[in-house]
Amino acid sequence: MAKDYLLEKRKFVIGGIAVFIVLTYILRLLVLQVMTDDYKKNADSNAFLKKTQYPSRGAIYDRNGKLLVFNQPAYDITIVPNEITQLDTTDLCKTLNITPAFFLKRMLDIRDRKQNPGYSKYTHQVFMTQLSAAECGVFQEKLFRFPGFYIQRRTIRQYTYNVAAHALGDIGEVSMRDIEEDDYYVRGDYIGKQGVEKSYEKYLRGEKGVEILLRDAHGRIQGHYKNGIYDKVPIPGKDITLSLDVELQTLGEKLMHGKMGSIVAIEPETGEILCFVSAPSYDPMAMVGRQRGKNHLELEKDPLKPLFNRPLMAAYPPGSTFKTAQGMIFLQEGIVNENTTFPCYHGFVVPGLRVGCHAHPSPIPFMPAISTSCNSYFCWGLYRMIDNKKYGSSAKALTVWKDHMVSMGFGYKLGVDLPGEKRGLIPNAQFYDKIYGKGRWGGLRIIHTSIGQGEILLTPVQMANLAATIANRGHFITPHIVKKIQHDQLDSLYRFPRYTTISPQYYDLVVKGMRGAVVGTAYGATCRGANLPDIEVCGKTGTAQNKGKDHSIFMGFAPMNKPKIAIAVYVENAGFGATWAVPIASVLMEKYLKGTLSPERMKTVDEISNTNLIQYGFKEY
């Protein structure tokens, strides 16, 4: 009998389809059970309730072990949407002191997977955060009326002192970007937003724990799964010790009361920041609790910009403090030596150009030029360097000059361990080519840079670092505000020195000039007010020109040999450097080195702190 080939083909087709269907199901089961954990998650979500256990955040201490930031109890309210039944929303809103509109919006936001990508109706979702113990107590009494609602114990920050807000920073609820960048976080978690809280977040936050609770078919908790053998205990965050001296910090903020500006003090040997003042400031407690958003908005609207971190973010003209850096480059490049003199006819005078200067004997050599802050000397020095034929062109001369400046920590971020640092500005040849045209400028065109004016911009922390570098005679350790991390080590950037391109012998000459500025020379002195009877202070004043009133600047260190503190003080719109910046720095150096102030000096503190200089408005450089 002949075969039916058509029937035979149909059998193969049907068999092939059946095999394909079976393989498809097997592949799908493999994907669900082996290659992904979606199926497992769905099964677990019905049988188990995973309850996050939050770690306590690391505490923060000052360099002497004084507690600055610690934790206090707070409470979040979470919900498991699948468990919410027959909810009396009116009673709930009244108990929590919220409006029905807030309740509805919050529930919609929780279910919105764009805002809350981790949403599951079987797991805990954050409904409200940071309830006080009193608020939680009221809710706890009625909790049995609100099935599906839970209380989650958390902690919030508390501050021992009302100081150092810009250095300490704050914590707040995570944003969507935070969640996307780090899967540690889920909606409702807290994260460091500014200051040390932000830059050392991964040390401070600790590691979350978890409780795995078993539920029956009705969703009722039956206890810990397998007696808790799979539970994970939270690991507390690491404590951090800052390099700040809280007594010095408190005094610095008192001295800057009623003023705009900043103070940065550094221990030269280690690069540790001893004092970090941004004025005006604010109470760090304003950034705690459910009023954080409201308080932050009010501070943002304040025309004095109290949130603006001036030590790191304000780039100012350094004025005459910059002459120390200029002078060392001229010495290093052989443009001048310690005996080189320049004339000063009440300023730098060439045909068609005059840069004024105060009265003093003329001609003047190098070290007295530092001591008396002669503008003419440094104008002549820059003019001779930029137009010197040995470099081949003004552009090449400026490149050499700029490379020296960069080695001193200018023109780029230093790498301070706080967020938001700005780089300032040290112009290069391309910068001036754009302004004047390529090859159409020389020393006279850019003469204002010789005295720290014009395009030159430094941050206060860069100015303080200059003082520390001079104190160390040619090297610095990157300024940092954290001294120690519990059971961990600081980044190598904050442990090893960085050397400049200037020989130590030239730093010695600048040190002598800065000492002369304090004790006086035959040519004059600019910061006699910094002199302390039994401490050898070295200093340099600056008065930066401003459209309103000049800025008052001081940069220095003490003692002259084996220095313990380097400091920069910048007071906006306050006039001459000797008027305000010098006495502020002098008091702070004395306090740090002696540990106390005499009654007479305390009168000076009161006089300075009671003087309000905020009258010219704010300018962000």
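Residue numbers for the sequence shown follow my numbering, so the first one is 23 and each next one is one higher.
Even for Gly, the Cβ is constructed at its ideal location relative to N, Cα and C.
The model shown is predicted, which means the values in this text are computed figures rather than measured ones.
- Proximity below 8 Å, CB of A539 to CB of F576: no
- Item | Contacts around P328, its chain only, beta-carbon distance under 7 Å, and the 5 residues preceding and following it disregarded | P302, S303, Y304, L321
- S303, DSSP secondary structure in three states: coil
- Query: Which residues share a DSSP beta bridge with K613?
  - Reply: K613 is not bridged to any residue.
- Where in the segment 160–186 do unbroken runs of the alpha helix (DSSP H), each at least 4 residues long, occur, reported from the N-terminal end onward? none
- Counting along the chain, where does the alpha helix (DSSP H) carrying L264 start and finish? Not the alpha helix (DSSP H): L264 falls in the beta strand (DSSP E), residues 262–264.
- May I ask which residues mark the beginning and end of the beta strand (DSSP E) holding F370? 369–372
- Message: Which same chain residues end up closer than 6 Å to Y413 when comparing Cβ atoms and leaving out the 5 residues on each side of it in sequence?
- Response: A419
- Cβ shell of N494 (< 7 Å), same chain only, five flanking positions each side left out: P290
- Item | Cβ contact check for the segment 387–399 and the segment 540–557: 3 or more pairs under 8 Å | yes
- Query: How is E233 classed by DSSP in three states: helix, strand or coil?
  - Reply: strand
- Check the DSSP bridge columns for P95 and list the partner residues they point to. T177
- Query: Taking the DSSP output, what are the residues bridged to A156?
  - Reply: Paired residue(s): none; A156 is not in a bridge.
- Pair every Cβ in the segment 362–375 with every Cβ in the segment 512–529, then say whether three or more of these pairs are closer than 8 Å. no
- Query: the ligand ADP heavy atoms versus the CB of S514: any closer than 7 Å?
  - Reply: Absence of the ligand ADP is noted for the structure shown, with no ligands found whatsoever.
- Message: Given a cut-off of 8 Å on the beta-carbon distance, is the pair I285 and M278 in contact?
- Response: yes
- Beta-carbon separation (whole angstroms), C560 vs A580, contact threshold 8 Å: 7 Å
- Message: Tell me the residue span of the beta strand (DSSP E) that contains Q484.
- Response: Not the beta strand (DSSP E): Q484 falls in the alpha helix (DSSP H), residues 482–493.
- Taking buried to mean at least 16 other C-beta atoms within 10 Å of its own C-beta, is G250 buried or exposed? exposed
- Closest residue to K9 among R85, G446, T362, I48 (Cα-Cα distance): There is no way to answer for residue 9, as the model of the chain reaches only from 23 to 643.
- Task: Tell me the start and end of each unbroken alpha helix (DSSP H) in the segment 471–559 that is at least 4 residues and wholly inside, in chain order.
- Result: 482–493, 526–541
- Along the chain, where does the alpha helix (DSSP H) that runs through E195 open and close? Per DSSP, E195 belongs to no alpha helix (DSSP H); it is in the beta strand (DSSP E), 193–195.
- Boundaries of the beta strand (DSSP E) in which E289 is found, first to last residue: 283–289
- Query: What's the call for A600, buried or exposed, on a 16-neighbour Cβ count within 10 Å?
  - Reply: buried
- Query: Taking contact to mean at least 3 C-beta pairs separated by less than 8 Å, is the segment 466–482 in contact with the segment 395–414?
  - Reply: yes
- Message: Once DSSP output is grouped into helix, strand and coil, what is the label at I354?
- Response: The identity of residue 354 in the sequence shown is Gln, whereas the question assumes Ile. DSSP places Q354 in helix when its eight states are reduced to three.
- Assign F432 to one of three DSSP states: helix, strand, or coil. coil
- Starting from the C-beta of H380, find all residues in its chain whose C-beta is less than 7 Å away, skip the five residues before and the five after it, and write them out in chain order. none
- Closest to N138 by CA distance: which of D205, Y183, D113 is it? D205
- Task: With I408 as the anchor, note down where its alpha helix (DSSP H) starts and where it stops.
- Result: 397–408
- Message: Once the 5 residues before and after R445 are set aside, which same chain residues still bring their CB inside 7 Å of it?
- Response: G433, Y434, K435
- By how many angstroms is the C-alpha of S514 removed from the C-alpha of E294? 14 Å
- Message: So, does the segment 181–190 touch the segment 211–229, judging by three or more C-beta pairs under 8 Å?
- Response: yes
- Between I262 and I82, is the Cβ-Cβ spacing less than 8 Å? yes
- Item | Neighbour-count burial assignment, V255, 16 or more Cβ in a 10 Å radius | exposed
- Report yes if the C-beta distance between N331 and G442 is below 8 Å; otherwise report no. yes
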